[in-house]
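Chains B and D supply the protein sequences, listed in that same order. Position one of the first sequence corresponds to residue 1 (the working numbering), numbered consecutively onward. Position one of the second sequence corresponds to residue 117 (the working numbering), numbered consecutively onward. Built from N, CA and C at the ideal position, the CB exists for glycine as well.
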Amino acid sequence: DSGVTQTPKHLITATGQRVTLRCSPRSGDLSVYWYQQSLDQGLQFLIQYYNGEERAKGNILERFSAQQFPDLHSELNLSSLELGDSALYFCASSVDPSTGKNTEAFFGQGTRLTVV
Amino acid sequence: DAKTTQPPSMDCAEGRAANLPCNHSTISGNEYVYWYRQIHSQGPQYIIHGLKNNETNEMASLIITEDRKSSTLILPHATLRDTAVYYCIVTSYDKVIFGPGTSLSVIP
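Right, here's the structure in full:
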């Protein structure tokens with residue numbers, strides 16, 4: 001158990017709909033990362049938040065948005081869903097990267113999104 | 117884009133050492149080398165990381181060349197449960213970018 005909790009584990013929805021994926025980071029971790037992994041594909045970095053602020057952005061579509069709340073949990077919002085958005089979505093968390101101490105990221109078990 | 121190059125696949129006999137190479141010729145002075153693995157569709161799992169010295173933990177050893185342009189992850193006694201995709205990442209902890217990784221198959 002990594003200590004990172006993602007909900008829901010599975011989600012099936014129709015094209016055009018909107019969904020919200022939730023991530024609770026490990027206790028004390030300030031950074032949250034979101035990744036998308038399509039079938040048999042690599043992990044695509046979407047976005048990183050640090051203590052509520054956007055820190056880095058990857059290949060995140062305009063239809064997708066994320067935020068990190070004061071209690072440090074994060075949500076990834078996916079709208080106008082398309083069949084191609086079907087994928088595993090992973091969240092990871094790590095401790096404060098600005099302390100100068102590099103530490104590992106802990107990953108949740110992912111949310112499997114199926115768009116039909 | 118990922119800053120690392122890894123072979124797409126490797127095989128290793130069960131019980132033997134698995135040596136997974138990684139090239140990172142453009143690594144910056146403040147960037148660390150991290151290794152993760154992903155078993156089937158589970159969340160990636162941290163293995164080990166280092167800056168310039170060799171590192172060892174209960175899972176693996178990490179050998180980084182003196183010029184830091186490449187590294188090798190060593191699983192000393194591979195088991196069937198080590199079959200996974202192994203990712204080598206260089207990062208100062210912004211934008212943690214995964215490449216395609218190496219698919220390691222441990223063969224009985």
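Taking 7 Å as the threshold, the shortest C-beta distance from B/Gln-109 to chain D falls below it. At least 7 Å separates the CB of D/Pro-123 from every CB of chain B. DSSP lists no bridge partner for B/Leu-81. For B/Leu-39, the three-state secondary structure derived from DSSP is coil.
For D/Thr-218, the enclosing beta strand (DSSP E) starts and ends at 218-223.
Annotated three-state conformation of B/Leu-61 is coil, per DSSP.
D/Trp-151 has its alpha-carbon roughly 13 Å from the corresponding atom of D/Leu-220.
The secondary-structure analysis by DSSP pairs D/Pro-137 across a beta bridge with D/Thr-188. Against B/Phe-64, chain D offers no close residue; the least beta-carbon distance is about 16 Å (beta-carbon pairs closer than 7 Å). Listed in chain order, the positions of the stretch 14-43 of chain B with a beta carbon within less than 7 Å of a beta carbon of chain D are Tyr-33, Gly-42 and Leu-43. Among the residues of the stretch 65-77 of chain B, none has a Cβ less than 7 Å away from any Cβ of chain D. B/Gln-36 counts as buried, since no fewer than 16 other beta carbons sit within 10 angstroms of its beta carbon. Residues of chain D with a Cβ closer than 9 Å to the Cβ of B/Ser-86 do not exist, since the nearest Cβ in that chain sits about 13 Å away. For a Cβ distance threshold of 7 Å, nothing in chain B lies close to D/Val-222: the least Cβ distance comes to about 20 Å. Secondary structure at D/Asp-198: helix, using DSSP grouped into helix, strand and coil. For B/Glu-54, the nearest beta carbon of chain D is not closer than 7 Å to its own beta carbon.
Per DSSP, the continuous beta strand (DSSP E) segment holding B/Ala-87 begins and ends at 87-94.
B/Ser-24 has its alpha-carbon roughly 12 Å from the corresponding atom of B/Leu-76. In this structure, B/Val-115 lies near B/Leu-81, with their beta-carbon atoms less than 7 Å apart.
Residues Tyr-152, Arg-153, Gln-154, Tyr-203 and Phe-214 of the same chain have their beta carbon placed closer than 8 Å to that of D/Pro-160, with the five preceding and five following residues left out of the count. When the beta-carbon positions are compared, B/Val-32 and B/Ser-86 stay at least 7 Å from each other. For B/Val-4, there is no enclosing beta strand (DSSP E), as DSSP gives it neither H nor E.
Chain-ordered listing is empty here: chain B has no CB closer than 8 Å to the CB of D/His-193, the nearest sitting near 23 Å.
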